[in-house]
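Residue numbers (UniProt numbering), protein chains in the order written: chain A, 1 to 300; chain B, 1 to 300. For reference, the structure discussed in these notes is given below.
Protein chains: 2
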Amino acid sequence: MRLDLADLRLFLCIVDAGSITQGAIRANLALASASERLRRIEADVGVQLLERHHRGVATTEAGEALVHHARLILRQQARLLGELQDFTLGTRGTIHVYANTAALTEFLPHKLAPWLARHPLLNVDLKERTSMEIVRTISVGLAEAGVVSDAVDAPGLKLQPVATDHLMLIVPTKNRLAQTRTVSFANVMDEPFVGLEPGSALQDHINDHARIAGHALAFRVRMKTFEGLCEMVSCGVGVGIVPQGVAKRYRRRYSYQVVALEESWARRRLCLCFRSWSELSPAIQSLLSHLGGTPAIEAV
Amino acid sequence: MRLDLADLRLFLCIVDAGSITQGAIRANLALASASERLRRIEADVGVQLLERHHRGVATTEAGEALVHHARLILRQQARLLGELQDFTLGTRGTIHVYANTAALTEFLPHKLAPWLARHPLLNVDLKERTSMEIVRTISVGLAEAGVVSDAVDAPGLKLQPVATDHLMLIVPTKNRLAQTRTVSFANVMDEPFVGLEPGSALQDHINDHARIAGHALAFRVRMKTFEGLCEMVSCGVGVGIVPQGVAKRYRRRYSYQVVALEESWARRRLCLCFRSWSELSPAIQSLLSHLGGTPAIEAV
DNA sequence: ATTACCCTTCGGAGTATCCGAAGGGTAATA
DNA sequence: TATTACCCTTCGGATACTCCGAAGGGTAAT
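Listed below in structure tokens is the structure:
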């Protein structure tokens, strides 16, 4: 399988232009090359992407999907190039903080806000990375500190727990599990599920564990946000799995029952991660000690 | 500029393996090819990505950024291929609904939940697309209906407003603007801003209008979620721009003042979009009439 | 000193890509 | 009905690219 970036660019040109001829011109290609390239793409993916008409081409549904993803991928690539250009300059007066998704959405906003308010001259650049990436970046000295999950091992680094981030099952109030406190994942895999859109890290993680157990979860609908997911559950559409912080935050607004998952992979902790305290710059020291100070979220 | 997908794959292999030699093996390439390819990448982007050491290579900060984006791009590509494979099968018994980001996060969860609860045999596949993409998909008959912004023109299609989605400025309670009801964008461009992470459609949109006005917004911090943004504003970190629904939803939990933006590009409406009512399948008709029924969100 | 890695450069071989030209089709216009 | 204007595909050759093996040079450990 190939599917080059050039393929994606060409395909967008063709769809936008409405014909292979015009699309080839936009892409600075000869008609023959565009046609040939298109044929190879369709052969590779095994689906027809364009319907050839007498007055140009029209996308099939698969073609429309390709258009969408092509735009996303090319935008991502543009972002990458832009970020790489930035390294010729270098940003000044800004603290760089690396955090995983959970920390970035659940933990950091609440903790960061008062600190930023008290330090009006310092700006913070939040970078979302996987815990693994963060650990490696800190290990080699390219970053000072970050917030990671304790699921990764970080040889030679300090890990200081600051919050829990357990995964919880949430169920409608009249569900058979509504009265239980804990449940095993195996016991709920056959329920109808409300999920997150495919491709999100958490959803992939959950699906993996279902697959390991030999099951595939049945999704009634997949939402884009945790809040949407919680609302679906509260209306009885199905059950869902969300981080503890999310479950707690919305259980007032949308009524549902929270049930702990027994599996060990559902028990996660967020940790500050750095090499050694004394090596840190004063600004980072101030920020970290604030983050680690009063762990309000970890109380259940 | 080239920067192939093969380049990204190779680079990941090299970084994971810790040396060009081992990385080349993982990528099924000869050492010479990998070295050469790497050289061309670094020449293209103009930044050193790897530090050559006697015992392998180590990433520079730019290299680490490339690693991160490479993973995102390749994951996106995998998602694309997976979705294209689905078209060989075809999903059954599922309603496909296309919606833009605002509808997907603000409008749909609340409206969709009771309908799904009342129709336990029907599943819904939500697809996030830009309003433009949705209109085109419906025009050519590849989709039945969607929820779009009224900013796009949809020749030959029915647009039925179901909710307002105006952009609002939110400011800390002691900000100079806290007592005003409306303000022009030009009047706030010099405030310190709390933004969304770069690359999000809304943030790009706002930046564009700032650029048109000849300004660049100064961001103290860029958050991943609207809720995080709101919390920052409530703590006095800066001002922010969010959809009306978001501003209303969180103004209880995080105290801030909401000020309307006067510009016309800040006044947006969400509309149901379809070709003709009689052509729609009964299931979609049921869903749309439910969505259009009681527009709870549009009341200010 | 030997061995084990590691990276770069070079010239040649193989192939993927591109292109122009030729071929065949439809639809609107004269 | 002939002409014009598009549109797409196929074919053979020229080009450019990528890949590879071999050679070269370096460091670190045994």
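The beta carbon of each residue, even a glycine, is placed where N, CA and C say it ideally should be.
Measure from the C-beta of residue i to each C-beta in chain B and report whether the shortest distance is under 8 Å.
i, result
"A/Met168", "no"
"A/Leu280", "no"
"A/Met132", "no"
"A/Met232", "yes"
"A/Phe87", "yes"
"A/Asn123", "yes"
"A/Cys235", "yes"
"A/Lys224", "yes"
"A/Gly146", "no"
"A/Ala17", "no"
"A/Gly199", "yes"
"A/Ile73", "yes"
"A/Pro114", "yes"
"A/Ile297", "Model confidence at A/Ile297 stands at a pLDDT of 39, short of 50, so the residue's coordinates are unreliable; what they give is reported in the following sentence. Output row for A/Ile297: interface = no."
"A/Ala283", "no"
"A/His110", "yes"
"A/Ala154", "no"
"A/Leu196", "no"
Tell me the residue span of the beta strand (DSSP E) that contains residue i.
i, result
"A/Ala259", "Reading off the sequence shown, one finds Val at residue 259 of chain A, where the question assumed Ala. That run of the beta strand (DSSP E) goes Gln257 to Leu261."
"B/Arg268", "Run containing B/Arg268: none; DSSP gives neither H nor E here."
"A/Gly240", "Gly240 to Pro243"
"B/Ala58", "Gly56 to Thr59"
Does the distance from the C-beta atom of residue i to that of residue j stay below 8 Å?
i, j, result
"A/Ala117", "A/Val135", "no"
"B/Val57", "B/Glu64", "no"
"A/Val147", "A/Leu272", "yes"
"A/Leu229", "A/Val239", "no"
"B/Leu26", "B/Ala17", "Position check: residue 26 of chain B holds Arg in this sequence, whereas Leu was assumed. Yes, these two residues count as a Cβ contact at 8 Å."
"B/Val259", "B/Leu169", "yes"
"A/Arg37", "A/Asp7", "yes"
"A/Leu5", "A/Gln77", "yes"
"A/Thr101", "A/Ala201", "yes"
"A/Phe193", "A/Phe219", "yes"
"A/His69", "B/Arg9", "no"
"B/Arg268", "B/His166", "yes"
"A/Glu227", "B/Leu142", "no"
"A/Val233", "A/Pro172", "yes"
"A/Glu133", "A/Val183", "no"
"residue 314 of chain A", "A/Val47", "In the structure displayed, chain A extends from 1 to 300; residue 314 of chain A sits before or after that span and is not available."
"A/Ala113", "B/Glu231", "yes"
"A/Thr140", "A/Ile95", "The sequence as given places Val at residue 140 of chain A; Thr does not occur at that position. Not a contact, by the Cβ cut-off of 8 Å."
"A/Ile73", "B/Ile73", "yes"
Just checking residue i against the ligand FAD - is the residue's beta carbon closer than 7 Å to any of the ligand's heavy atoms?
i, result
"B/Gln22", "In terms of ligand content, the structure shown is empty, and the ligand FAD therefore cannot be addressed."
For the alpha helix (DSSP H) that contains residue i, what are its first and last residues?
i, result
"A/Phe11", "Leu5 to Ala17"
"A/Ala99", "Not the alpha helix (DSSP H): A/Ala99 falls in the beta strand (DSSP E), residues Thr94 to Ala99."
"B/Val47", "Run containing B/Val47: none; DSSP gives neither H nor E here."
"A/Val233", "Phe226 to Ser234"
"A/Thr21", "Ile20 to Arg26"
"B/Leu202", "Ala201 to Ile212"
Looking at chain A, is there any beta carbon in it that lies within less than 8 Å of the beta carbon of residue i?
i, result
"B/Asp208", "no"
"B/Thr137", "yes"
"B/Asp165", "no"
"B/Leu10", "no"
"B/Ile241", "no"
"B/Gln244", "no"
"B/His69", "yes"
"B/Thr59", "yes"
"B/Asp4", "yes"
Would you list the one or two residues that DSSP bridges to residue i?
i, result
"A/Phe219", "A/Phe193"
"B/Val183", "B/Leu261"
"B/Val171", "B/Gln257"
"A/His53", "A/Gly56"
Start-end ranges of the alpha helix (DSSP H) lying completely within the region 107-169 of chain B, minimum 4 residues: 108-118 and 131-139
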